[in-house]
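S.K.:
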Amino acid sequence: MKRRTFIKASGMAAAGGVLLNPANVIGNGLRSEKLKIALIGAGIRGTGFWGKTVQDQYGDIVEFVGLCDHNPGRLQLALKFMGVSCKTYGDFDMMMKETKPDLLIVTTVDATHHEFIIKGLEYGCDVLTEKPMTTDEVKCQQIIDAQRKTGKKVRVGFNYRYGTLFTKLKELLAEKRAGQITSVDFHWYLNTFHGADYFRRWHGHRNKSGTLLLHKASHHFDLLNWWIDSDPVEVNAYGKLEHYGRNNSFRGENCRNCNFKDQCKFYFDITKDPRLVQLYVENEKYDGYIRDNCLWRNEIDIFDKMAVQIKYANEVQVSYSLTTYSPYEGLSVAFNGMTGRIDSWQDLPWRDQEKVSQADRHAREMNQAAEDESSAYDEIIVSENFGKSELVKVPFVRGGHGGGDRRLQDQLFRNNNSPDPLKHAAGLRDGAMAILVGIAARKSIDEGRPVKIEELTDLKPGAERSSII
Ligand SMILES: NC(=O)c1ccc[n+]([C@@H]2O[C@H](COP(=O)([O-])OP(=O)(O)OC[C@H]3O[C@@H](n4cnc5c(N)ncnc54)[C@H](O)[C@@H]3O)[C@@H](O)[C@H]2O)c1
0 MKRRTFIKAS GMAAAGGVLL NPANVIGNGL RSEKLKIALI GAGIRGTGFW
50 GKTVQDQYGD IVEFVGLCDH NPGRLQLALK FMGVSCKTYG DFDMMMKETK
100 PDLLIVTTVD ATHHEFIIKG LEYGCDVLTE KPMTTDEVKC QQIIDAQRKT
150 GKKVRVGFNY RYGTLFTKLK ELLAEKRAGQ ITSVDFHWYL NTFHGADYFR
200 RWHGHRNKSG TLLLHKASHH FDLLNWWIDS DPVEVNAYGK LEHYGRNNSF
250 RGENCRNCNF KDQCKFYFDI TKDPRLVQLY VENEKYDGYI RDNCLWRNEI
300 DIFDKMAVQI KYANEVQVSY SLTTYSPYEG LSVAFNGMTG RIDSWQDLPW
350 RDQEKVSQAD RHAREMNQAA EDESSAYDEI IVSENFGKSE LVKVPFVRGG
400 HGGGDRRLQD QLFRNNNSPD PLKHAAGLRD GAMAILVGIA ARKSIDEGRP
450 VKIEELTDLK PGAERSSII
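So in numbering that gives the first Met the number 0, the last spot in the sequence shown is 468, and the numbers never skip.
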């Protein structure tokens, strides 16, 4: 099938309201021409995971036709770093009109995603956006309306779903190894390196990141929605800022110019990282974006501890928490079912053989060359009520978010006609349901009341998940 015909046909399927596999319009191994990609947001994620990695691994079937950012220095660096020679733009509309891409990739600051997703759909292309799809319910509704109107598709880059441990948990749940699931305990610990880093830049500002309930926890809410296989209906939450921001006796301008370098345990020397210097420090002159901001600055207005309870349409109840100043980074998750329980965890430091430096850990996770640490494994315990417990060992991959990064991109760009039995591919409704939990949690904290998901947009939660919007 010719490219244009294929896109038209898939557009018609979407316009009919049925999103089949949301992946299958994006890349297509069967295309006779390369998939034309335009990207907005030439920061670390845009030029790395969605830039250089895509160019290096899929350059035979995709072609970058335009890069856009309001920082001209980062745009020039992007060309070099990605190894491409396409045109660069400060003006998004001009890029879309001149390059007419098949796919737009959105990797800007979270609160701006909606603007480019909506315009991208209106310009007639499919859109792949980084999480969180957007940061409030009004923008979320606008994105839903735009997809309905245009018949084009939004895909959300939920890479965590594809990780080895999370996929194995999904398989065990689908096999009903603990029977019908009734409740879930899910706790995520960000350490004093990775957790702290969110408070150094735009993520610390609610009007840019929507708080970590959107920026970070939307990954986790998506995992919960996918594992539980139902839609969230009601959320009750608590949250507070009591460690970072104004909660310190001293503060500086930024780490490079700080008078408290010797006494601040969070001192971060950006000059030791050449990639960060090139990306941010050398381009501060264009937009004043300071990457090593003081994490004690008074303007920080997000929560640094969060507790969220979620009720699902299939009656499952969830207790979730997110901590941002833990001595180690990790997670624990447990699924309670009618006939047993499934427990798992990652990186809790009692397992000596898997101890890694906490400073090193995040860099290794973000590394897209998924290193296989073949002797290591993640653990899942499947326990039967009145019966035995079984240890399930899952091959451990730290690089590229548990190997999920590579599998997500392979599915998107190369294998999108292959079966997707566990429904890894995430479309607009998945993107919306994940952020709606975060938005409801933020509202619940602000207003001191439980918030219903159906208050937020016109999407109606269903006992079984669906892709229809
Ligand atoms: N899925 C994951 O694991 C993962 C990991 C990291 C980042 N992300 C997501 O990727 C996105 C980018 O994050 P990042 O760490 O690369 O941030 P970043 O600050 O490094 O990059 C953002 C870029 O967008 C540009 N930009 C911002 N607003 C713009 C606008 N209105 N017009 C034009 N350009 C604009 C900035 O100049 C910058 O170059 C975020 O949405 C983030 O949530 C996802």
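Glycine included, C-beta positions come from ideal geometry on N, C-alpha and C. Small disclaimer: the values here were computed from a predicted structure and weren't measured.
(1) Taking DSSP's pairing of strands, which residues face G329 in a bridge?
(2) Helix, strand or coil, according to DSSP, for C124 in the structure here?
(3) Please work out which residues of its chain come closer than 6 Å, Cβ to Cβ, to D184, disregarding the five sequence neighbours upstream and downstream, and give them in chain order.
(4) For T98 versus H113, is the C-beta distance shorter than 7 Å?
(5) How would you call S217, buried or exposed, if buried means at least 16 neighbouring beta carbons within 10 angstroms?
(6) Report yes if the C-beta of I341 is less than 6 Å from at least one heavy atom of ligand 2; otherwise report no.
(7) Out of G287, L223, D230, K207, which one is the CA nearest neighbour of E252?
(8) Taking a contact to mean a Cβ-Cβ separation below 7 Å, would you say A37 touches L103 in this structure?
(9) Where are the beta strand (DSSP E) runs, 3 residues long or more, that stay fully inside the stretch 421 to 459, in chain order?
(10) Classify G50 as helix, strand or coil using the three-state DSSP reduction.
(11) Taking R250 as the reference, which of T270, P100, F198 has the closest Cα?
(12) Within 10 angstroms of its Cβ, does T270 collect 16 or more other Cβ (buried), or is it exposed?
(13) For a quick check, are the C-beta atoms of K239 and F302 less than 7 Å apart?
(14) Here's the rule: buried if 16 or more other CB atoms are within 10 angstroms of the residue's CB, otherwise exposed. What is F385?
(15) Quick one: which unbroken alpha helix (DSSP H) runs of 4-plus residues sit fully inside the stretch 157 to 209? Chain order, please.
(16) Please list, in chain order, all residues of the same chain as A77 whose beta carbon is under 6 Å from its beta carbon, the five residues on each side excluded.
(17) If you measure from the CB of E129, is any heavy atom of ligand 1 nearer than 6 Å?
(18) Mind checking whether the beta-carbon of I43 lies closer than 6 Å to any heavy atom of ligand 1?
(19) Curious, which full-length beta strand (DSSP E) runs of at least 3 residues does the stretch 73 to 144 contain?
M.R.: In short, the structure shows the following:
(1) Y188
(2) coil
(3) S318, A333
(4) no
(5) buried
(6) As far as ligands go, the structure on display features ligand 1 and does not contain ligand 2.
(7) G287
(8) yes
(9) none
(10) helix
(11) F198
(12) exposed
(13) yes
(14) exposed
(15) 163 to 173, 193 to 196, 205 to 208
(16) A41, T46, L66
(17) yes
(18) yes
(19) 86 to 88, 102 to 105, 125 to 128
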